[in-house]
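In our numbering, the protein residues as written are 74 to 299.
Presented below is the structure to which this report refers.
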Ligand SMILES: CC(C)(COP(=O)(O)OP(=O)(O)OC[C@H]1O[C@@H](n2cnc3c(N)ncnc32)[C@H](O)[C@@H]1OP(=O)(O)O)[C@@H](O)C(=O)NCCC(=O)NCCS
C-alpha cells in the first residue's frame, strides 16, 4: 500500500510542521502559478508558510498516488476547493493551516473537510456568536465564559470542516447550520457527513475537526515529515 493512501473506509490525516519543509524543496515542487500565488503575500514569512504547506500537500498526494509531486495538477471546485482532476479524482483531500501547523486529510470513500485552529483563539470568539452560530446552538451555550469560548471554537472548527467537505466553504452561511444536537443530520446538504474531533499529541495546543463520509470506520493520524 503506498504511503499515506487510506484503505477504503479509512481516512488518513497527516500533521505537518511547515517550519520543517526546506525552502529549496518548494522551488522544485511548485508550479509557476503557485509560485506567483505565493508572491502575492505581503509578508515573506506568509509566502514561505504557504509554499511549505502546498509543497507538503504535493509530496503527500505524490506519495499516495506514487507520482512525482511536481507533475500533479489541481482543479478548483465552484467555491475554490482544490480537487484532483480525473483520473485521480477518487482520491479526496483537504488542507487546513494555521500559524505553526497544517493538516491534510485523504480519503477514497468520499469528500472530506478539515479545520485546525490554535486553542488560544477561543477567547477571541466571545461576542461573535451570532456571526456563525445557529439560534439553537446559542440557546444551549454554557454560562461560564471559559466553557463558552471552548464551545465556540469547537463549533467554529466543526462547521468549517463540514463546509469544506461540502466544498462551499463560508459561502454557505455557518449560522444556517445547527450542530446543537451533534451532527448536522437535519440539514439536507450535510446529512451524509460525520464530524470527528481529532485528538493526538501532535495536535496539542490546537483544536481540529474532520468531516468525513458517514461510513468511515477508522482515522489514522501520521506525522510529516515522518
Ligand atoms: C475555505 C475557507 C473556509 C478557508 O478557511 P481558512 O480557515 O481561512 O483556511 P484553512 O487553512 O482552514 O483552509 C484553507 C485551504 O482550504 C482549501 N480550500 C479553499 N477553498 C475551499 C473550499 N471552498 N472548500 C474546501 N476547501 C477549500 C485550500 O486547500 C486552502 O488552502 P490554500 O489557502 O493553501 O489554498 C474559506 O476561504 C472559504 O470559505 N472559501 C470559499 C468561499 C469564499 O471564498 N467566500 C468568501 C469569504 S465569505
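Glycine included, C-beta positions come from ideal geometry on N, C-alpha and C.
Check whether residue 139 and residue 203 have beta carbons under 9 Å apart: no
Check whether the Cβ of residue 265 lies closer than 8 Å to any heavy atom of ligand 1, and answer yes or no. no
For the segment 192-235, which segments carrying the beta strand (DSSP E) assignment without a break, of at least 3 residues, lie completely within its bounds, in sequence order? Within the segment 192-235, no run of beta strand (DSSP E) at least 3 residues long lies entirely inside it.
Closest by CA to residue 93, which one among 273, 107, 173? Nearest of 273, 107, 173 to residue 93, Cα basis: 173.
Is it true that the CB of residue 164 sits closer than 9 Å to the CB of residue 177? no
Simplified DSSP assignment, three categories, for residue 111: helix
Would residue 235 pass as a contact of residue 195 if the rule is Cβ separation under 9 Å? no
Which parts of the segment 116-189 are runs of the beta strand (DSSP E), unbroken and 3 residues or longer, counting only runs that do not cross its ends? If only complete runs of 3 or more residues are kept, the segment 116-189 shows the beta strand (DSSP E) at 165-170, 175-180, in order along the chain.
Determine which residues share a DSSP beta bridge with residue 286 and list them. 266
For a quick check, are the C-beta atoms of residue 284 and residue 266 less than 9 Å apart? yes
Check each residue's C-beta against every heavy atom of ligand 1 and list, in chain order, those closer than 7 Å. After applying the 7 Å Cβ criterion, the set is 123, 126, 127, 150, 152, 153, 154, 155, 167, 168, 169, 170, 171, 186, 188, 189, 233, 236, 237, 240, 241, 242, 243, 244.
Just curious, the alpha helix (DSSP H) that residue 100 is in, first and last residue? 96-102
Applying the criterion that 16 or more other CB atoms from any shown protein chain within 10 Å of the CB defines a buried residue, is residue 124 buried or exposed? By the 10 Å Cβ count, residue 124 comes out buried.
I'd like to know whether the C-beta atoms of residue 126 and residue 158 end up nearer to each other than 9 Å. no
Are the beta-carbon atoms of residue 192 and residue 278 separated by less than 9 Å? yes
Reduced DSSP secondary structure (H/G/I, E/B, other) of residue 296: Of the three classes helix, strand and coil, the one that applies to residue 296 here is strand, per DSSP.
Quickly, what does DSSP pair residue 279 with across the bridge? List them, please. Within the DSSP bridge table, the entry for residue 279 names 191 as partners.
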